[in-house]
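Counting in this note's numbering, the sequence shown runs from 25 upward without gaps.
The C-beta atom is built at its ideal place from N, Cα and C for all residues, glycine as well.
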Amino acid sequence: MVVFAILFVLIAILNIFFPAMGWYMRYGWMVKGDSEPSEAYLMMSRISSVIVLIIFFLFFLPSMFG
25 MVVFAILFVL
35 IAILNIFFPA
45 MGWYMRYGWM
55 VKGDSEPSEA
65 YLMMSRISSV
75 IVLIIFFLFF
85 LPSMFG
């Protein structure tokens, strides 16, 4: 369970700082030629990662160690 929690947090932090990497892994390989994620996608990806981390720390982390 702890390994899952660490992996979850690492992926969320990577998505906050490098959201384009997630876009390329999910959508970029399907597009021929040069294609970039929109600024709206990058911003929503960052915001959703922050929200998910906050929820994780508020609800799941205390139950693991408490």
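Item to check | Alpha-carbon to alpha-carbon, residue 77 and residue 33 | outcome: Cα to Cα, residue 33 sits roughly 7 Å from residue 77.
Next on the checklist: Judging by CA-CA distance, which residue of 88, 46, 27 and 52 is the nearest neighbour of residue 73?
Outcome noted: Taking only the C-alpha atoms, the option nearest residue 73 is 46.
Checklist entry - Would the beta-carbon of residue 29 fall within 9 Å of that of residue 83? => result In this structure, residue 29 lies away from residue 83, with their beta-carbon atoms at least 9 Å apart.
Item to check | Separation of residue 36 from residue 86, as counted between CA atoms | outcome: Those two C-alpha atoms are separated by around 18 Å.
Next on the checklist: In this structure, how does DSSP classify residue 25 when only helix, strand and coil are distinguished?
Outcome noted: Coil at residue 25, not helix or strand.
Item to check | Three-way DSSP call (helix, strand, coil) for residue 63 in this model | outcome: Here residue 63 carries a helix assignment [DSSP, helix/strand/coil].
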